[in-house]
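In the numbering used here, the protein residues as written are 569 to 1646.
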């Protein structure tokens, strides 16, 4: 018998942690066996549907899209423990696009309404979305199959009627498969076959595939064990069965007794003819109130704002505007520009700081309508890098928002376009090399330490180039050695390789949001964010949902902390000085800013901080925004090698040379050096006769360096330079060599300008409003103890005092206490009043109450509100009488006392010694305030609080409390007790400032952290993070030095270190020759 077998019940790795096959491998397996069609039926979802569809088309295989659904025992709304966590299964296949849409709606409802352990559908929505679907009743897990198995004839009859009525006789099939290893298999298949023949129900042969080869069954069991560890779970009771991908030849043998079940496969294949339109854009339906067309509205906005942007309406300017508008209109992108401009207008109205990145900054129209904040005329940015007549891809404007307010923008978009039209984009976390090793170790029952040892030998990959286990085995000799020598290691690694790359979970894309003109569920299945925050996300990733997939436009809304910092600084400026700062009107030629950068004071700035960049800036001495933009572009692996040349040319104009003087108007801002992709494109257009579309392809080719394409470009470019540009053969060769050198590292000029602007602005605020800016920085970093400590050290270097929390002065976050204006500015009455209530005379920053560990936001707000109502707390007793709240308990009160927040109301040691008495007094006051009968009691007034004498807190202990609760030392530093001994030790800040790799010196510091690792020889060595009163530094203690001192080395100890300074990845550290515990 010739068997025409195709798989109709197949799972991929998108059946999260329950199946192994990647989609390319699955489709390739079907193609190898000459199967004309293949169905994908992942468990409860459509995660892989579009990728599967594309893969099938690319391999001339008919794609059939389906889902293996979980069906609720009762209804999808019932969620009672131990009852509704049980489900049965139903396989549905789409006959056409309408059937595919019904799958989308079923999947969406199962996640949004029916999720309880699993996404569940029920009979109500099965009937509601029943059109154009083929229904296959699973042989083992379907409710009808179970009723047949347990001889429940009445239930079986009722269920059969339901499914026939719902889908029609012609679309309902009962599955038979071949899994003899499962107990009762033969009897179950026999009963299903008899039932089907008796009731004239069509049978269909499948194999319920979860992996490709029989030998992969153990890998699937391991995967299920990983799932179980994280609250998942699989069919462990059926793991003895073979769920591999059988071939035509195997199927012919396995299903020889049920030829009708095989013949029916072809009937289903013939019925399923789904066509999904891919790659056609669907722009948001932006409503225009003026009644103009999108093209006319965009034109009106652009021309209306010429003077607003400070331009004169010259012919040259209007020609460029018209040129851009014509390309935008021809490509049908006007709606997109209007939508983006509207989103950013909404951000501005809400005082949410934003920035746009990428090549959009090259568009004059974008600048005029408020999409970008970088002047493309001033910076000579080409529009064609963003859009040109020959570029097929849609515009892509990356929008950065203050991270603390990003959700406000997403909510605005939801309200404007409708919640059913907007979702964040889903993204899949996969089993990466290190994670796969650790997961397999745990799942196979090996000790954690073994998996950790293996995982630590696997290097980190680079962005876009993830590390694989095979690559690690090739690149790391020690890993290869233990793989060969240690049997357990080999077992773990071999198993990890089988599950490596499998999808592990769905999450939320960091920036991506889609806006659809139609309800999303016309094209995309959606679900809730698994983190439980209630946000809708697409089940398709950015590729499947976007340009290469169903064509929904992706908007990138990225949260950027630096924008929050600047936004908070602007609010503080308004509060302290009454000035309303417009960020777009901040001058780009501020002397203080450039002088600060030239001194290397770059901490807390955007993209200009770090040892390496700081040293280059000190040498460069930047004087304009072009210098900053260039450094943002150059400070990356590869082009970093050209920074010294750039600095030399900046500081010595005689070194600036151009291959041809005509290049000057392109390369003058970068002193004749090719830094930007845009400059290379301009040269190709002006001097080699390229169109902008050809120049864009030239840019991409130079970046990828594919030999055949490079050869073609070389011939075209050199010929063009000589014929169009009039360059000599020698100059053309020199130009080509220069472009070849720089092109691979070339940076998007518009992107550099956009990020460079943020870099400049953060520097501007730090230089001109140091106290207010650092207050905003500390608030933004308050969740990161190490970062707060680093920023407090920077404040001290700047001469800004950072004060501990104080219940009379602290607000929720860090607070600026301004006794006088910065840079001769006049402060407001409100600011003066706050400063006058403080006991200091200099400007300072005060820790906020919510920065205290073990101290909640609720009680902090109660204290602040009571202080606003009744003024400062005059004594501990006054504080307890006025602050009556359940959250003022032992834990919170102890935290306030230990960190110094109540120092002005009493001594820490005495208050802690009397803590129980204080708590009793507080409870007594609370009782009195609620006990109405006390109005008539004998004691009309409360008793007074009396504290027993106690020893004052030990200074060392006070420091340890501050470190514990605030993350750093405030009232002093452990090193101060060794002040005399350390007079000759170098300050860490000075060491970093000098940046002299190879120089030997002595420093002293407090051990903040120790990380111990083992060398290839299995010896211990350590990386020790130490801090002094000025900065922090990493000390590397190799085995010999570490072994000598390790018994005494622990966090909290103070040490002196003699050693040699070392520089790696532009970060300075010290290689210890000797360590002494102080």
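Just so it is clear, CB atoms sit at the ideal spot from N, CA and C, and this is done for glycine as well.
None of these values were measured; they are calculated from a predicted model.
When burial is assigned at 16 or more other CB atoms within 10 Å of the CB, is residue i buried or exposed?
| i | result |
| --- | --- |
| residue 865 | buried |
| residue 1512 | exposed |
| residue 1642 | exposed |
| residue 1030 | exposed |
| residue 1130 | buried |
| residue 1637 | buried |
| residue 1488 | exposed |
| residue 1567 | exposed |
| residue 1581 | exposed |
| residue 799 | Any reading at residue 799 must be qualified, since the residue scores a pLDDT of 40, below 50, and its modelled position is unreliable; no value is offered. |
| residue 1280 | exposed |
| residue 1501 | The predicted model places residue 1501 with a pLDDT of 46, which falls under 50 and marks its position as unreliable; any figure quoted below should be read in that light. Residue 1501 is exposed by the Cβ-count criterion. |
| residue 858 | exposed |
| residue 1506 | Reliability fails at residue 1506, whose pLDDT of 41 lies under 50, so the model's placement of it is uncertain and the value that follows must be treated cautiously. The residue is exposed, with fewer than 16 neighbouring Cβ atoms inside 10 Å. |
| residue 808 | exposed |
| residue 1016 | exposed |
| residue 1503 | Reliability fails at residue 1503, whose pLDDT of 44 lies under 50, so the model's placement of it is uncertain and the value that follows must be treated cautiously. Flag for residue 1503 reads exposed. |
| residue 1508 | Confidence in residue 1508 is poor, its pLDDT being 44 and thus under 50, which makes the residue's placement unreliable; the coordinate value appears in the next sentence. That one is exposed. |
| residue 805 | Note on residue 805: pLDDT 43, under 50, position unreliable in the model; the coordinate value appears next. With fewer than 16 Cβ atoms within 10 Å of its Cβ, residue 805 is classed as exposed. |
| residue 1351 | exposed |
In terms of residue numbering, what span does the beta strand (DSSP E) encompassing residue i cover?
| i | result |
| --- | --- |
| residue 1137 | Residue 1137 -> not in any beta strand (DSSP E); alpha helix (DSSP H) instead, spanning 1129-1145. |
| residue 1637 | 1635-1645 |
| residue 609 | 605-611 |
| residue 573 | From DSSP, residue 573 is part of no beta strand (DSSP E); its letter is neither H nor E. |
| residue 634 | 630-640 |
| residue 1369 | 1369-1371 |
| residue 1175 | Residue 1175 -> no beta strand (DSSP E), and no H or E assigned at all. |
| residue 1413 | 1412-1414 |
Look at residue i and residue j and say whether their C-beta atoms are less than 8 Å apart.
| i | j | result |
| --- | --- | --- |
| residue 1595 | residue 1573 | yes |
| residue 1515 | residue 1485 | yes |
| residue 922 | residue 869 | no |
| residue 1246 | residue 1166 | no |
| residue 757 | residue 812 | no |
| residue 1093 | residue 614 | yes |
| residue 1184 | residue 1141 | no |
| residue 629 | residue 607 | no |
| residue 926 | residue 950 | no |
| residue 771 | residue 825 | no |
| residue 574 | residue 794 | no |
| residue 1001 | residue 1036 | yes |
| residue 1321 | residue 947 | yes |
Just to check my reading of the structure: residue i and residue j have Cβ atoms closer than 8 Å, yes? What is that Cβ distance to the nearest angstrom?
| i | j | result |
| --- | --- | --- |
| residue 1474 | residue 1444 | 5 Å |
| residue 900 | residue 992 | Wrong, their Cβ atoms sit about 25 Å apart, outside the cutoff. |
| residue 780 | residue 593 | 6 Å |
| residue 1398 | residue 1143 | 7 Å |
| residue 1122 | residue 1110 | 6 Å |
| residue 712 | residue 739 | About 15 Å separates the two Cβ atoms, so there is no contact after all. |
| residue 1559 | residue 1571 | 6 Å |
| residue 1025 | residue 1046 | 6 Å |
| residue 1324 | residue 1193 | 6 Å |
| residue 616 | residue 591 | 6 Å |
How would you write the range of the alpha helix (DSSP H) that residue i sits in, first residue to last?
| i | result |
| --- | --- |
| residue 1285 | 1275-1291 |
| residue 1359 | 1353-1365 |
| residue 1530 | 1523-1534 |
Counting pairs of beta carbons, one from the stretch 1290-1297 and one from the stretch 1324-1335, are three or more of them closer than 8 Å?
Short answer: they don't touch.
Contact between the stretch 668-678 and the stretch 775-786: three or more CB pairs below 8 Å?
As far as the Cβ criterion goes, the stretch 668-678 does not touch the stretch 775-786, which means the pair count is below three.
Is the number of C-beta pairs between the stretch 835-855 and the stretch 1077-1092 that are closer than 8 Å three or more?
With three or more CB-CB distances shorter than 8 Å, the stretch 835-855 counts as touching the stretch 1077-1092.
The stretch 1147-1163 / the stretch 1585-1604 touching (three or more Cβ pairs under 8 Å)
The stretch 1147-1163, when compared against the stretch 1585-1604, does not touch it at the 8 Å Cβ threshold.
Taking one C-beta from the stretch 937-949 and one from the stretch 868-883 each time, how about it: are there three or more such pairs within less than 8 Å?
Contact check between the stretch 937-949 and the stretch 868-883: three or more CB pairs, one atom from each, fall below 8 Å, which counts as touching.
Check whether the stretch 742-755 and the stretch 964-981 are in contact - that is, three or more C-beta pairs closer than 8 Å.
No, because fewer than three Cβ pairs between the stretch 742-755 and the stretch 964-981 fall closer than 8 Å, the two stretches do not touch.
Could you tell me whether the stretch 704-719 touches the stretch 675-689, where touching means 3 or more Cβ pairs closer than 8 Å?
Taking a cut-off of 8 Å for Cβ pairs, the stretch 704-719 and the stretch 675-689 do not touch, as fewer than three such pairs fall below it.
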